[in-house]
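Peer 1:
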Ligand code: ADP
Ligand code: MG
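In my numbering, the protein residues as written are 10 to 379.
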């Protein structure tokens, strides 16, 4: 099912510190494509849960419309919208077995929707198999791990074959390893069922790794929508650039002049553009190459080897964070062990320039032309 959001706005009666009303969702318009997995991403309090609550009908918008496959459902009650929901606190019924937890929504069907017992049993088996808990059908929730409980919750939300599945931080209660496993599971389940799915998380890596598209929100407003890699490579503003990527992008105080970016008096990179003056210069950790011909020199702090990555931790007076992190090829650090400074060449596509006032991206002429 395609979900269309038209100028969706939700203003709560609660107030911000300055006395203005809380705008949880601000003029959100987007066609959520059918059959895709969409990651809705942003810091805590930016309006993610409110967007989901509006889509499933638990909240009414202050203004704007919601359409399912072109049909206006803005005034339709939640139980008639046919969307499945899974929250962070997956409240399973503790006294019911896995089988009966999954069957619960089917047993609740009344009148013409009522299903024969065999059909219900079959659907439950199918769902349990899909989420791979079919071996645990007679257990109660207290006899399951967190990950298994979450799978039961997903099976329960899928058993009525919803037209869309909304997941609100569904992995937050799981430990690191289980999170990783369960997110791969989610991806598989979404692919197998083809259900349009919106997955809310504040964890950018989680969203990037499994989503077809990500939506990055900040204080109620949508900042950018796109394929994860595209948004990472080509952020529209400094908020998006900083929000995506681990380690985070390194931000320097820089200056645009003479067709180049200057950082601390060094001509760091050629950069032809229409603007000049002070800017924020973001350099992705993978944008540095250790080199004798380096154009940016930093004080070397230490070299960290973690698994397959080698990172250089360094300092620069014009860097906005305490240290710089550069992820580099292990071979190239040999020459600088014990050195006081390290020289970097910069990869042009990994250097992103932003307006200091507005945070908007400043593009080089070569890109602006296309
Ligand atoms: P997120 O899920 O991204 O953490 P929410 O959608 O829960 O954010 O909240 C967005 C903003 O709306 C926050 O400032 C929050 O305090 C406010 N908010 C959420 N729900 C309500 C409510 N029922 N009443 C008043 N304010 C709310
Ligand atoms: Mg939330």
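Ideal placement from N, C-alpha and C gives every residue a C-beta, glycine not left out. Computed from a predicted model, the values in this text were never measured in an experiment.
For residue 118, count the other beta carbons within 10 Å of its own beta carbon; 16 or more makes it buried, fewer makes it exposed. Which is it?
Peer 2: As a working mapping, residue 118 is identified with position 109 in the chain shown. Exposed, by the Cβ-count rule.
Peer 1: What does the alpha-carbon distance come out to for the pair residue 357 and residue 39?
Peer 2: Counted from its first residue, the chain shown places residue 357 at position 348. Counted from its first residue, the chain shown places residue 39 at position 30. Near 32 Å, if we compare the C-alpha coordinates of residue 39 and residue 357.
Peer 1: Please list, in chain order, all residues of the same chain as residue 254 whose beta carbon is under 8 Å from its beta carbon, the five residues on each side excluded.
Peer 2: Locating residue 254 in the chain shown gives position 245, counting from the first residue. Excluding sequence neighbours, residue 254 sits near 213, 241, 293, 294.
Peer 1: Report whether the distance from the Cβ of residue 169 to the nearest heavy atom of ligand 2 is below 7 Å.
Peer 2: By one-based count along the chain shown, residue 169 stands at place 160. Because no heavy atom of ligand 2 lies under 7 Å away, the Cβ of residue 169 does not count as near it: no.
Peer 1: So, using beta-carbon positions, are residue 16 and residue 72 closer together than 8 Å?
Peer 2: Translated into positions along the chain shown, residue 16 becomes position 7. Translated into positions along the chain shown, residue 72 becomes position 63. Cβ distance < 8 Å, so residue 16 and residue 72 count as in contact.
Peer 1: Which residue spans inside the stretch 262 to 319 form an unbroken beta strand (DSSP E) run of at least 3?
Peer 2: Listed in chain order, they are 269 to 272, 275 to 279, 286 to 292, 297 to 299, 305 to 315.
Peer 1: DSSP on residue 96, reduced to helix/strand/coil?
Peer 2: Translated into the one-based positions of the chain shown, residue 96 becomes position 87. Coil at residue 96, not helix or strand.
Peer 1: Under 7 Å from any heavy atom of ligand 2, does the C-beta of residue 178 make it?
Peer 2: The sequence position of residue 178 within the chain shown is 169, counting from 1. The answer is yes for residue 178.
Peer 1: Under the DSSP definition of a beta bridge, which residues are partnered with residue 362?
Peer 2: Taking the chain shown and counting its residues from 1, the one referred to as residue 362 is at position 353. For residue 362, which the question treats as bridged, DSSP gives the partners 290, 371.
Peer 1: One question on the structure: do residue 215 and residue 192 come within less than 8 Å of each other, judged by their Cβ atoms?
Peer 2: As a first step, residue 215 is located in the chain shown; it is residue number 206 there, counting from the start. As a first step, residue 192 is located in the chain shown; it is residue number 183 there, counting from the start. Contact: yes.
Peer 1: Sort 34, 10, 304, 21 by Cα distance to residue 231 and report the nearest one.
Peer 2: The residue you call residue 231 lines up with position 222 of the chain shown. The candidate whose alpha carbon is nearest that of residue 231 is 34.
Peer 1: Taking 7 Å as the cut-off, is the beta-carbon of residue 55 closer than that to any non-hydrogen atom of ligand 1?
Peer 2: By 1-based counting over the chain shown, the position of residue 55 is 46. Flag set: Cβ of residue 55 near ligand 1.
Peer 1: Could you check whether the Cβ of residue 335 sits closer than 7 Å to any heavy atom belonging to ligand 1?
Peer 2: Translated into positions along the chain shown, residue 335 becomes position 326. Every heavy atom of ligand 1 is 7 Å or more from the Cβ of residue 335, so no.
Peer 1: Taking residue 329 as part of the beta strand (DSSP E), name the residues at either end of that continuous run.
Peer 2: As a working mapping, residue 329 is identified with position 320 in the chain shown. Looking at the DSSP string, residue 329 is not in any beta strand (DSSP E), and its letter there is neither H nor E.
Peer 1: Report the three-state DSSP secondary structure of residue 12 (helix, strand or coil).
Peer 2: Taking the chain shown and counting its residues from 1, the one referred to as residue 12 is at position 3. If DSSP states are grouped into helix, strand and coil, residue 12 belongs with the strands.
Peer 1: The alpha helix (DSSP H) that contains residue 152, what's its start and end?
Peer 2: One-based indexing of the chain shown puts residue 152 at position 143. Run containing residue 152: none; DSSP gives neither H nor E here.
Peer 1: Where do the ends of the beta strand (DSSP E) carrying residue 222 lie?
Peer 2: By one-based count along the chain shown, residue 222 stands at place 213. Per DSSP, residue 222 belongs to the beta strand (DSSP E) from 222 to 227.
Peer 1: DSSP on residue 163, reduced to helix/strand/coil?
Peer 2: Along the chain shown, read from residue 1 onward, the residue named residue 163 stands at position 154. Helix, per DSSP.
Peer 1: How big is the Cα-Cα spacing for residue 63 and residue 303?
Peer 2: In the chain shown, residue 63 corresponds to position 54, counting from 1. In the chain shown, residue 303 corresponds to position 294, counting from 1. If you take the alpha carbons of residue 63 and residue 303, they lie about 52 Å apart.
Peer 1: Would the C-beta of residue 21 count as close to ligand 1, meaning under 7 Å from any of its heavy atoms?
Peer 2: Position 12 of the chain shown, counting from 1, holds the residue named residue 21. Yes - ligand 1 has a heavy atom lying nearer than 7 Å to the Cβ of residue 21.
Peer 1: Quick one: residues in its chain with C-beta nearer than 7 Å to the C-beta of residue 21, no 5 flanking neighbours on either side, listed in chain order?
Peer 2: The sequence position of residue 21 within the chain shown is 12, counting from 1. So the list reads 30, 31, 33, once near-sequence residues are dropped.
Peer 1: For my contact list, residue 109 and residue 165 are in at a C-beta cut-off of 8 Å; report their separation, rounded to the angstrom.
Peer 2: Residue numbering aside, residue 109 sits at position 100 when the chain shown is read from its first letter. Residue numbering aside, residue 165 sits at position 156 when the chain shown is read from its first letter. Not a contact, Cβ separation roughly 10 Å.
Peer 1: Closer than 7 Å to a non-hydrogen atom of ligand 2 - does that hold for the CB of residue 58?
Peer 2: Start at 1 with the first residue of the chain shown, and residue 58 comes out as number 49. True, at least one ligand heavy atom lies under 7 Å from that Cβ.
Peer 1: Tell me whether the beta-carbon of residue 220 lies closer than 8 Å to the beta-carbon of residue 46.
Peer 2: One-based indexing of the chain shown puts residue 220 at position 211. One-based indexing of the chain shown puts residue 46 at position 37. Against a cut-off of 8 Å, the Cβ pair of residue 46 and residue 220 comes out as a contact.
Peer 1: Taking 7 Å as the cut-off, is the beta-carbon of residue 33 closer than that to any non-hydrogen atom of ligand 1?
Peer 2: As a first step, residue 33 must be located in the chain shown, where it is residue number 24. Result yes, Cβ under 7 Å from ligand 1.
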